[in-house]
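Keeping their order, the protein sequence lines are chains A and B. Heads up, the numbering used here is the position in the first sequence plus 2, with the first residue counted as 1. Heads up, the numbering used here is the position in the second sequence plus 87, with the first residue counted as 1.
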Amino acid sequence: MSVKTSFKIRGVEFKNRVFVASGTFGYGDELKELVDVNQLGGLMTKSLSWKPRDGNPPRRVVETASGMLNSIGLANIGVHQFIEKKLPYLRSLDTAIIVNIAASSIQEYCDLIAELEKHKGIAAYEVNVSCPNVKEGGLSFGTNCDLTAEITAKLRKLTERPLIIKLTPNVTHIAEFARAVEQAGADAVSVINTLIGMAVDIRSRKPKLSTVTGGLSGPAIKPIALAKVYEVAQVVKIPIFGIGGIATWEDAVEFLLVGATAIQVGTMNFVTPSISPSIVDGVRLYCEQQGVNDIQELVGGLDADVKFSILQSWL
Amino acid sequence: MRSQYNIPIVDRTQVSRELFIVRFESSQLAAETRAGQFLNIRALDGAWGPLLRRPFSVSSIKNDTLSLLFNIVGTGTRILASRRVGDTLDVLGPLGKPFGVLGDYDSAILVGGGVGVAPFPLLTKELVRIGKSVTTLLGSRNREMIFSEGLQNVQLATDDGSVGMRGNVIKLLEQFLQKSELHHPKIFGCGPTPMLRALSELAQRMNLPCELSLEGDMACGVGICQGCPVERTGGERRYALTCIEGPSFDCREVKL
Chain A
3 MSVKTSFKIR
13 GVEFKNRVFV
23 ASGTFGYGDE
33 LKELVDVNQL
43 GGLMTKSLSW
53 KPRDGNPPRR
63 VVETASGMLN
73 SIGLANIGVH
83 QFIEKKLPYL
93 RSLDTAIIVN
103 IAASSIQEYC
113 DLIAELEKHK
123 GIAAYEVNVS
133 CPNVKEGGLS
143 FGTNCDLTAE
153 ITAKLRKLTE
163 RPLIIKLTPN
173 VTHIAEFARA
183 VEQAGADAVS
193 VINTLIGMAV
203 DIRSRKPKLS
213 TVTGGLSGPA
223 IKPIALAKVY
233 EVAQVVKIPI
243 FGIGGIATWE
253 DAVEFLLVGA
263 TAIQVGTMNF
273 VTPSISPSIV
283 DGVRLYCEQQ
293 GVNDIQELVG
303 GLDADVKFSI
313 LQSWL
Chain B
88 MRSQYNIPIV
98 DRTQVSRELF
108 IVRFESSQLA
118 AETRAGQFLN
128 IRALDGAWGP
138 LLRRPFSVSS
148 IKNDTLSLLF
158 NIVGTGTRIL
168 ASRRVGDTLD
178 VLGPLGKPFG
188 VLGDYDSAIL
198 VGGGVGVAPF
208 PLLTKELVRI
218 GKSVTTLLGS
228 RNREMIFSEG
238 LQNVQLATDD
248 GSVGMRGNVI
258 KLLEQFLQKS
268 ELHHPKIFGC
278 GPTPMLRALS
288 ELAQRMNLPC
298 ELSLEGDMAC
308 GVGICQGCPV
318 ERTGGERRYA
328 LTCIEGPSFD
338 CREVKL
């Protein structure tokens with residue numbers, strides 16, 4: 003039995019539902035001998051800013067229970083070097099390239115898209131809105147619903163390529179943000195970016211990360227991510243990329259069932275670079291065994307007894 | 088070529104109160120791993136072990152058998168120390184750049200602090216093979232942290248004086264450099280950061296070539312996560328990544 007795995011966003015076809023999350027797969031050329039990226043639905047590049055960024059001082063990563071905290075500070079080579087040195091290789095791959103962008107002003111977001119629009123081989127854009135907004139004293143764009151919608155609307159005017167907004171969970175109601183960017187013209191949302199967390203060295207009494215707090219990822223956050231995807235799926239029609247601690251194909255199926263159209267594997271790429279292709283195979287086998295002809299049948303297929311919104315539930 | 092392997096442990100030995108050796112066989116890793124490179128290892132699969140791999144330098148290679156020398160510093164090393172013969176390790180490697188053993192120098196001085204001695208037996212083997220003379224200076228808290236198998240011309244310093252000179256290995260090196268008449272020496276250092284910082288200062292003051300093997304907190308070990316930066320002394324980029332641009336660096340290139 004052949005299972006249909008492909009899906010479309012804004013007319014762009016992706017061959018399956020498994021992607022690798024931004025920042026966990028570099029620019030695609032670093033892991034060549036360890037994993038066959040052509041097996042994947044697509045690859046989200048490391049976040050690109052207009053100029054190269056050095057990133058934060060060490061210490062940048064700390065392991066925590068079933069997870070890790072990071073404070074990389076968006077270290078990246080900048081959009082121009084990306085276009086010159088990385089895009090030609092990425093273009094040669096038989097998988098969709100989704101360029102992730104990050105910026106410290108709305109103008110920088112626009113400049114990034116305008117520059118990338120000049121080049122072929124980019125399937126879609128994913129917008130990281132969890133960056134400090136320099137104008138607003140460093141508060142993250144992504145925690146302000148109006149600003150997140152404004153960025154989306156401005157970028158929408160600049161491109162016909164699919165526009166995916168990567169939402170932060172560090173807000174009260176992520177669904178409001180999802181609805182706002184849908185109305186502003188987003189074609190999909192990625193749910194979720196990392197959760198703010200911290201760890202303390204009790205001997206020195208100092209924070210373990212140089213920036214005190216950082217982003218928590220890994221299996222530790224999977225239940226939270228599932229609930230966020232479920233919440234968003236109740237209010238938007240656009241596809242959702244489910245992200246958060248996916249380590250097995252079973253995890254991926256959970257995300258599909260709660261409403262994700264596709265998933266992104268993140269932190270686990272650091273542990274087992276070849277994990278994502280194995281998830282593609284696992285999901286396909288599950289579908290064959292379950293008599294599922296098209297993975298789309300799984301999307302939102304949760305058989306929940308109580309169909310009430312999380313927004314109204316008592317905790 | 089970097090690969091991921093599942094390899095059974097063939098030997099596990101406690102060599103002192105503090106130090107452990109775990110051995111496993113891999114003809115491919117044995118053939119490809121050079122002194123100074125590391126393996127990123129997950130000692131226990133599944134939900135109960137640490138999530139991330141831990142970097143270990145390869146201590147020695149004998150035929151197809153590779154040895155890791157380590158002490159217990161946290162959960163990962165505690166689990167590794169408790170693994171038994173026949174248990175499987177998930178090994179990613181070889182990673183990082185080897186020590187620069189070739190070059191215009193006659194004698195190598197290996198300076199190790201604590202378990203920083205780990206890569207030296209393999210390094211010694213490579214140095215001897217290309218005709219360099221080797222002296223090894225080791226410093227540690229006490230005799231329980233001393234390991235000298237496979238090393239040459241070993242001199243010791245311990246904080247408590249339980250063996251060798253009482254004091255630190257930098258002092259031992261200063262004394263050694265005053266007494267010895269080495270021609271064109273090169274220093275290879277591995278150990279805790281404060282020791283490497285002092286070693287770097289001494290080497291630069293005396294204008295001696297010196298390579299430092301650093302350790303950094305890292306997640307992937309392959310240059311993806313950007314988690315293991317070390318500050319550079321110059322150049323366009325502010326940081327180098329320990330995992331792919333190191334772990335060993337010319338002491339003049341990095342700020343510790």
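Backbone N, C-alpha and C define an ideal beta-carbon position, used for all residues, glycine too.
Taking residue i and residue j to be in contact with their CB atoms under 8 Å, please state how far apart those CB atoms are, rounded to whole angstroms.
i: A:Pro54; j: A:Ile79; result: 5 Å
i: A:Ile108; j: A:Glu152; result: 7 Å
i: B:Asp151; j: B:Ser90; result: Not really, about 15 Å apart at Cβ, beyond 8 Å.
i: B:Ala244; j: B:Leu264; result: Not a contact, Cβ separation roughly 14 Å.
i: B:Asn208; j: B:Ser147; result: Looking at the sequence provided, one finds Pro at residue 208 of chain B rather than Asn. That belief holds up - the Cβ atoms of B:Pro208 and B:Ser147 are roughly 4 Å apart, short of 8 Å.
i: A:Ser219; j: A:Asn130; result: The Cβ separation is near 14 Å, so there is no contact.
i: B:Leu224; j: B:Val256; result: 6 Å
i: A:Leu36; j: A:Pro275; result: 4 Å
i: B:Ala195; j: B:Lys273; result: 6 Å
i: A:Phe21; j: A:Phe243; result: 7 Å
i: B:Leu155; j: B:Val109; result: 5 Å
i: B:Gly201; j: B:Met232; result: 5 Å
i: A:Leu149; j: A:Leu157; result: Wrong, their Cβ atoms sit about 13 Å apart, outside the cutoff.
i: A:Val193; j: A:Val234; result: 5 Å
i: A:Ser278; j: A:Asn271; result: 7 Å
i: B:Cys338; j: B:Ser287; result: 4 Å
i: B:Phe125; j: B:Pro142; result: 5 Å
Determine the chain A residues that contact residue i at a beta-carbon separation under 9 Å, and present them in chain order.
i: B:Ile311; result: Gly25, Thr26, Phe27, Gly28, Glu32, Leu33, Lys48, Asn271, Phe272 and Pro275
Which one or two residues does DSSP pair with residue i in a beta bridge?
i: B:Val172; result: None; B:Val172 has no bridge partner.
i: B:Asp177; result: B:Asn93 and B:Arg129
i: A:Leu197; result: A:Leu218
i: A:Val101; result: A:Tyr127
i: B:Lys149; result: B:Thr152
i: B:Gln242; result: B:Leu224
i: B:Asp337; result: B:Glu298
i: B:Thr100; result: B:Ile108
i: B:Arg319; result: B:Val341
i: B:Leu158; result: Before going on, a small fix: residue 158 of chain B reads as Asn here, not Leu. Note: B:Asn158 sits in a beta bridge opposite B:Leu106.
i: A:Pro209; result: A:Val202
i: B:Leu259; result: Partner(s): none; B:Leu259 has no beta bridge.
i: B:Ala195; result: B:Val221 and B:Lys273
i: B:Phe207; result: Bridge partners of B:Phe207: none, in fact.
i: A:Ile245; result: A:Gln266
i: B:Glu63; result: Nothing in the structure corresponds to residue 63 of chain B, since chain B is present only between 88 and 343.
i: B:Leu328; result: B:Pro316
i: B:Pro142; result: B:Asn127
Just to make sure I have the definition right: I need the residues of chain B whose C-beta is within less than 9 Å of the C-beta of residue i. Which are they?
i: A:Asn72; result: Ala306, Cys312, Gln313 and Gly314
i: A:Asp56; result: Pro316, Arg324, Arg325 and Tyr326
Report the neighbours of residue i on chain A: residues whose CB is nearer than 8 Å to its CB, in chain order.
i: B:Gln91; result: Leu36, Thr274, Pro275 and Ser276
i: B:Met88; result: Glu35
i: B:Gly303; result: Pro60
Can you name the residues of chain A whose CB is closer than 7 Å to the CB of residue i?
i: B:Pro206; result: Per Cβ cutoff of 7 Å: no residues; B:Pro206 is ~22 Å from chain A at best.
Using a C-beta to C-beta distance shorter than 8 Å, which residues of chain B count as neighbours of residue i?
i: A:Ala77; result: Gln313, Pro316 and Tyr326
At a CB-CB cut-off below 7 Å, which residues of chain B make contact with residue i?
i: A:Glu65; result: Pro137, Leu138 and Leu139
Which complete beta strand (DSSP E) runs does the region 117-187 of chain A hold, if anything under 3 residues is left out? Runs of the beta strand (DSSP E) inside the region 117-187 of chain A: 126-130 and 165-169.
Members of the region 192-219 of chain A that neighbour chain B once the beta carbon cut-off is set at 8 Å: none
Which ranges does the alpha helix (DSSP H) cover as unbroken runs of at least 4 residues, wholly within the region 25-110 of chain A, from first to last along the chain? 80-83 and 89-93
Residues in the region 140-174 of chain B with C-beta within 8 Å of chain A's C-beta atoms, listed in sequence order? Cβ contacts with chain A: Arg140.
Could you name the residues of the region 251-268 of chain A whose beta carbon sits closer than 8 Å to any beta carbon of chain B, in the order they occur along the chain? none
Along the region 219-236 of chain A, what residues have a CB closer than 9 Å to any CB found in chain B? Gly220, Pro221 and Ala222
Hey, which unbroken runs of the alpha helix (DSSP H) at 4 residues or more fall wholly within the region 263-311 of chain B? Here the runs fully enclosed are 280-292.
Runs of 4 residues minimum, wholly inside the region 248-303 of chain A: which ones carry the alpha helix (DSSP H) assignment? 251-260, 270-273 and 277-292
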